[in-house]
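Count along the sequence shown from 1, then add 99; that gives the number in the working numbering.
All C-beta atoms in this analysis are idealised placements derived from N, C-alpha and C, irrespective of residue type, glycine included.
Everything numeric in this text was worked out from a predicted model, so none of it was measured.
Taking it in order: structure first as structure tokens, then the write-up.
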Amino acid sequence: MKHSFIDEYSDLDSFIHRLDPRTKLIASLAFIIAVVLTPASNWRVFVFYFCIIAVLLILSKLPPLYVLRRSLVIFPFVFLIAVFIPFFKEGEIAGSYNIWLWQISVTYSGLFILANVMVKSWLCILGLILLSSTTRLADLLKGLRQLGVPKVMILILSFMYRYIFVLADEVMRMQRARDSRNFGGSRLHQIRTVGNMAGTLFIRSYERGERIYAAMLARGFDGQIRTLHKLSFRQTDAYFGAVFCLMLIFPCVIWW
């Protein structure tokens with residue numbers, strides 16, 4: 100099966116791709132913190148941050164449509180979480196609606212907070228897309244380990260990324276087998292069939308994990324994931340990190 104990998108454009112050659120993964124990790128974290136801590140009323144700062152991330156995306160040579168599609172995925176999840184804020188936030192009423200026995204009012208302050216959450220989420224996801232799409236996952240995990248992230252978390256992320264596609268293929272094969280047997284009947288029968296598929300997938304995943312662990316022990320696995328590519332922090336990384344942090348601080352000094 101063909102799957103869309105998170106780091107499918109990590110083999111491109113650009114200035115951003117050549118940066119050390121630790122530099123990109125720290126820069127991404129600083130960008131997210133700066134976006135989250137920016138007051139909602141300072142819209143000019145958000146525009147400035149968007150210009151920064153847009154320039155970096157252009158330098159990375161990532162396809163614009165790919166970045167746009169990936170970034171828009173976050174909106175449904177954020178919207179489901181924050182959609183109720185305009186109805187419960189106190190303030191000037193923007194509109195009132197009668198829904199069955201309830202009268203619900205929407206406030207301007209609530210709508211403003213909703214827009215602020217959406218904008219901040221979009222900027223943060225753009226930063227994460229830039230990080231994940233310009234860095235090989237193995238190098239990214241190695242950078243996280245060298246920055247002090249616990250080894251067990253690195254192993255979980257590594258195996259999750261490696262085998263999530265294997266499990267997706269397993270689900271597709273089970274769906275084809277189900278459909279080839281004329282899947283239908285009552286709603287209760289369909290729910291029971293889906294439940295049996297979920298249980299079967301869990302058992303197969305558990306057994307696969309046992310076999311993989313035994314194979315790794317047989318090959319001398321000691322808990323360390325080793326790669327041929329060694330990380331090197333260069334002078335370019337220091338310059339980029341310093342300039343990037345100064346650009347994040349600049350709007351705080353000017354507009355706050």
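Whole-angstrom distance between residue j and residue i, CA atom to CA atom
i: Ala-341; j: Leu-230; result: 17 Å
i: Asn-215; j: Val-144; result: 12 Å
i: Cys-344; j: Gln-289; result: 55 Å
i: Ser-279; j: Ile-151; result: 51 Å
i: Lys-329; j: Leu-239; result: 12 Å
i: Arg-275; j: Val-251; result: 35 Å
i: Phe-301; j: Leu-266; result: 10 Å
i: Ser-109; j: Ile-228; result: 11 Å
i: Leu-161; j: Ile-131; result: 20 Å
i: Trp-142; j: Leu-111; result: 33 Å
i: Arg-303; j: Ala-181; result: 37 Å
i: Val-270; j: Phe-258; result: 18 Å
i: Phe-211; j: Gly-308; result: 47 Å
i: Thr-234; j: Tyr-305; result: 30 Å
i: Arg-286; j: Thr-299; result: 20 Å
i: Leu-254; j: Ser-331; result: 22 Å
i: Pro-175; j: Leu-156; result: 23 Å
i: Lys-312; j: Ser-208; result: Reading off the sequence shown, one finds Tyr at residue 312, where the question assumed Lys. If you take the alpha carbons of Tyr-312 and Ser-208, they lie about 54 Å apart.
i: Val-352; j: Ile-115; result: 27 Å
i: Ala-314; j: Pro-249; result: 24 Å
i: Gln-323; j: Arg-310; result: 19 Å
Residue i burial status per 10 Å Cβ neighbour count (16 or more: buried)
i: Asp-321; result: exposed
i: Gly-319; result: exposed
i: Leu-179; result: exposed
i: Lys-219; result: buried
i: Leu-213; result: buried
i: Ala-297; result: exposed
i: Pro-356; result: Nothing can be reported for residue 356, as the shown portion of the chain is limited to 100 through 355.
i: Ile-348; result: exposed
i: Leu-136; result: exposed
i: Cys-223; result: buried
i: Val-350; result: Note that residue 350 corresponds to Pro in the displayed sequence, not to Val. Classification for Pro-350: buried.
Contact check, residue i vs residue j, beta carbons under 8 Å
i: Val-134; j: Tyr-148; result: yes
i: Leu-124; j: Gly-247; result: no
i: Leu-118; j: Phe-339; result: yes
i: Arg-121; j: Gln-245; result: yes
i: Thr-292; j: Arg-272; result: no
i: Leu-128; j: Ser-170; result: no
i: Leu-236; j: Tyr-262; result: no
i: Asp-106; j: Ser-232; result: yes
i: Met-217; j: Val-177; result: yes
Q. Considering only residues of the segment 227-254, which uninterrupted alpha helix (DSSP H) runs meet the minimum length of 4 residues and lie entirely inside it, listed in chain order?
A. Listed in chain order, the complete alpha helix (DSSP H) runs (minimum 4 residues) inside the segment 227-254 are 236-245.
Q.
List, from N- to C-terminal side, the alpha helix (DSSP H) runs of 4 residues or more that fit wholly inside the segment 283-347.
A. Taking only runs of at least 4 residues, the alpha helix (DSSP H) segments lying wholly in the segment 283-347 are 286-317.
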